[in-house]
Amino acid sequence: MRTSKVVHAKHFKLLVVGGGAGGLGAASKFARKLPRGSVGIIEPREDHYYQPGFTLVGGGLMTLDANRRRQEDLIPKNATWIRDKVEAFEPVKNLVKLRDGEEISYDYMVIAMGIQLRFDMIKGAKEALKTPGVCSNYSPFYVEKHYKEATNFKGGNAVFTFPNTPIKCAGAPQKACYITDSILRQRGVRDKAHMIYATSLKRLFGIESYLKSLEKVAKEKNIDVRTRRNLIEVDSENKMATFEFLDDDAKPTGKTERVEYSLLHIGPPCSAPEALRKSSFADKTGFMDVDVASLQSKKFQNVFGVGDCMNTPNAKTAAAVSSHLKTIEQNLTQVMQGEQPCMEYDGYASCPLVVSTNRVVLAEFNSKGAMETTPFDQSKPTYWAYLMKRYFMPALYWNGLIKGYWNGPATIRNCSRLVKSK
Ligand code: FAD
Ligand code: UQ1
Numbered sequence: 001m002r003t004s005k006v007v008h009a010k011h012f013k014l015l016v017v018g019g020g021a022g023g024l025g026a027a028s029k030f031a032r033k034l035p036r037g038s039v040g041i042i043e044p045r046e047d048h049y050y051q052p053g054f055t056l057v058g059g060g061l062m063t064l065d066a067n068r069r070r071q072e073d074l075i076p077k078n079a080t081w082i083r084d085k086v087e088a089f090e091p092v093k094n095l096v097k098l099r100d101g102e103e104i105s106y107d108y109m110v111i112a113m114g115i116q117l118r119f120d121m122i123k124g125a126k127e128a129l130k131t132p133g134v135c136s137n138y139s140p141f142y143v144e145k146h147y148k149e150a151t152n153f154k155g156g157n158a159v160f161t162f163p164n165t166p167i168k169c170a171g172a173p174q175k176a177c178y179i180t181d182s183i184l185r186q187r188g189v190r191d192k193a194h195m196i197y198a199t200s201l202k203r204l205f206g207i208e209s210y211l212k213s214l215e216k217v218a219k220e221k222n223i224d225v226r227t228r229r230n231l232i233e234v235d236s237e238n239k240m241a242t243f244e245f246l247d248d249d250a251k252p253t254g255k256t257e258r259v260e261y262s263l264l265h266i267g268p269p270c271s272a273p274e275a276l277r278k279s280s281f282a283d284k285t286g287f288m289d290v291d292v293a294s295l296q297s298k299k300f301q302n303v304f305g306v307g308d309c310m311n312t313p314n315a316k317t318a319a320a321v322s323s324h325l326k327t328i329e330q331n332l333t334q335v336m337q338g339e340q341p342c343m344e345y346d347g348y349a350s351c352p353l354v355v356s357t358n359r360v361v362l363a364e365f366n367s368k369g370a371m372e373t374t375p376f377d378q379s380k381p382t383y384w385a386y387l388m389k390r391y392f393m394p395a396l397y398w399n400g401l402i403k404g405y406w407n408g409p410a411t412i413r414n415c416s417r418l419v420k421s422k
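The sequence shown begins at 1 in this note's numbering and counts up one residue at a time.
Dropping the structure here:
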């Protein structure tokens with residue numbers, strides 16, 4: 001085990017739960033503003049991954065190592081790392097309980113626990129991931145296997161699934177499918193593959209301007225897109241995947257379909273993290289119930305949310321986290337000063353859709369439609385967008401987002417709007 005600066009104080013002015021993209025960003029911002037020792041950050045993991053890099057790792061375009069940093073090197077200087085896990089929240093008493101029952105209290109709290117991968121919700125999936133042919137770019141344990149499977153693929157069905165739950169970076173299962181198509185073409189074995197993209201959604205993507213472009217990509221690549229299918233079982237002994245058919249409201253119809261696979265890439269079902277689900281911060285879906293504009297807990301005014309763990313309607317992405325951080329920096333500061341929060345989150349999210357090993361559709365949007373940063377047409381797959389995804393975004397994440405300096409592209413967008421023709 002690595003040595004690290006683990007200090008257990010009992011009380012923090014600001015307690016941050018989770019040391020991922022949102023937690024580190026929030027802790028960095030407030031550790032700069034508040035006196036030394038005011039900020040505590042609870043995070044159990046020793047390794048921190050740049051998760052947006054996982055799709056590229058699965059495509060053999062980056063190593064997993066390049067996307068990993070030691071958590072202890074990322075904790076802001078003025079903050080205290082509590083290398084533990086929140087087991088339970090007691091918001092009426094302003095405290096959290098850790099694994100060993102230890103209590104940490106706070107004046108203010110930011111919850112940034114992310115979303116939990118739930119391979120366990122698919123019968124046989126956890127076992128199947130350990131067998132040949134089955135992989136997932138959502139997990140650091142199974143993402144390198146994606147590239148191995150794509151480079152060893154000899155023929156048969158290559159199946160990519162999208163779950164019937166909320167999921168982070170909803171484009172990632174599609175990215176895995178398109179990247180695999182490119183690898184199989186480069187290897188000259190694409191004609192031996194029947195590629196199936198099976199999604200629980202009614203279409204490929206929720207935003208109209210990107211949908212058309214992605215439908216064109218899927219058609220050109222000869223992908224068999226099957227909608228309203230939800231993976232419920234993997235029988236790795238017989239290499240069979242079972243899907244349930246869903247109706248227009250995404251409810252199971254009772255009908256099922258079995259598909260034989262040579263390669264199965266699982267987009268895992270996800271849920272809110274357990275401790276959050278069980279707490280009074282959650283709504284009935286289990287996610288943190290916040291005001292969609294201020295990101296303040298609906299029940300406890302000294303608590304804010306950031307990132308994937310909230311019930312806001314945005315796509316769950318690191319890009320969205322940048323706008324969340326800008327919002328809570330202002331709003332939490334106001335609450336600390338006894339004022340009402342007044343900044344409103346604009347719903348921004350982004351999902352750079354990798355459609356081959358060198359082209360990306362740089363989708364940026366909120367629930368009302370596209371919110372593009374550059375003056376160019378981002379709905380088209382381009383090489384410059386691939387270069388941004390491969391080189392610029394990781395640098396922006398490590399040096400900007402998690403250090404609390406990157407507040408999202410709204411200012412650049414406002415400038416480029418002046419020159420954008422459409
Ligand atoms: P995370 O970064 O996941 O951090 C949550 C942290 O909370 C974790 O470190 C976890 O250990 C900790 N935690 C959980 N439970 C507890 C507990 N009980 N106590 C204490 N700590 C706890 N986003 C993009 O913008 N662009 C992309 O191209 C993109 N691609 C992606 C591709 C893939 C394959 C994946 C998996 C994700 C991708 N994302 C992308 C999404 C992005 O990584 C997430 O949206 C982002 O990391 C969310 O930040 P977060 O802080 O909410 O959660
Ligand atoms: C972004 O801000 C971000 O977080 C750092 C990402 O995650 C890695 C992204 O993928 C994207 C696209 C953005 C948005 C930033 C720009 C400059 C368009």
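For every residue, glycine included, the Cβ atom is placed at its ideal position computed from N, Cα and C.
In this structure, V134 keeps its C-beta atom at 9 Å or more from the C-beta atom of V259.
When L295, L396, I223, Y391 are compared, the shortest CA-CA separation from V335 is found for L295. Here V360 has P352, V354, A385, Y386, K389 as same chain residues with Cβ atoms under 6 Å from its own Cβ, once five neighbours each way along the sequence are excluded. Uninterrupted alpha helix (DSSP H) stretches at least 4 residues long and entirely within the region 370-401 occur at 383-387, 393-396, given in chain order. Distance from the CA atom of T312 to the CA atom of I402, rounded to whole angstroms, is 21 Å. Within the same chain, V361, S379 come within 6 Å of S213 by CB-CB distance, once the 5 residues on both sides are set aside. Taken through DSSP and simplified to helix, strand or coil, S350 comes out as strand. For Q301, the three-state secondary structure derived from DSSP is coil.
When the Cα atoms are used, T333 and S271 turn out to be separated by approximately 30 Å. Going by DSSP, N230 is part of the beta strand (DSSP E) stretching over 229-235. With respect to G408, S262 sits apart: the two C-beta atoms are not nearer than 9 Å.
Inter-segment contact for the region 20-31 and the region 53-65 is absent: fewer than three beta-carbon pairs are separated by less than 8 Å. Here R83 is buried, its C-beta having at least 16 other C-beta atoms within 10 Å. Its Cα nearest to that of D248, the residue N164 stands out among N164, N331, S182. E87 has its alpha-carbon roughly 15 Å from the corresponding atom of G114. Judged by DSSP secondary structure, N414 falls within the alpha helix (DSSP H) whose first and last residues are 410-417. DSSP places L24 in the uninterrupted alpha helix (DSSP H) bounded by 21-33. Ranked by how close their Cα comes to the Cα of A112, the residues M62, T227, K13, E43 have E43 in first place. Distance from the C-beta of Y348 to the nearest heavy atom of the ligand FAD is not below 8 Å. If you ignore the 5 residues before and after G400, its C-beta comes within less than 6 Å of the C-beta of W406, all in its own chain and listed in chain order.
In this structure, DSSP gives K251 a state outside helix and strand, which the three-state scheme calls coil. Cβ-Cβ separation between M121 and P269: approximately 4 Å, consistent with a contact (criterion under 8 Å). Straight-line measurement puts the Cα of V17 at about 36 Å from the Cα of E149. A direct Cα-Cα distance of roughly 14 Å separates G124 from H265. By the 16-neighbour rule on beta-carbons within 10 angstroms, Q174 is buried. The straight-line gap separating the alpha-carbon atoms of R190 and S280 is approximately 51 Å. When V96, A170, A319 are compared, the shortest CA-CA separation from K278 is found for V96. With a threshold of 8 Å, the Cβ atom of P273 counts as near the ligand FAD, since some heavy atom of the ligand is closer than that. Within the DSSP secondary-structure output, F89 pairs in a beta bridge with V96.
Burial state of P35 is exposed, judged by a 10 Å Cβ sphere holding fewer than 16 other Cβ atoms.
DSSP places G53 within a helical segment (H, G or I) once states are collapsed to three.
Placement of the Cβ of C351 at a distance of less than 8 Å from at least one heavy atom of the ligand UQ1 is found. Spatial neighbours of L117 in its own chain (CB-CB distance under 7 Å, excluding positions within 5 residues in sequence) are listed in chain order as Y138, S139, P268, C270. If you draw a straight line from the Cα of L15 to the Cα of G307, it comes to about 16 Å. Straight-line spacing of the CA atoms in F141 and G338 works out to 45 Å. Taken atom to atom, the span from the alpha-carbon of T63 to that of K145 is near 12 Å.
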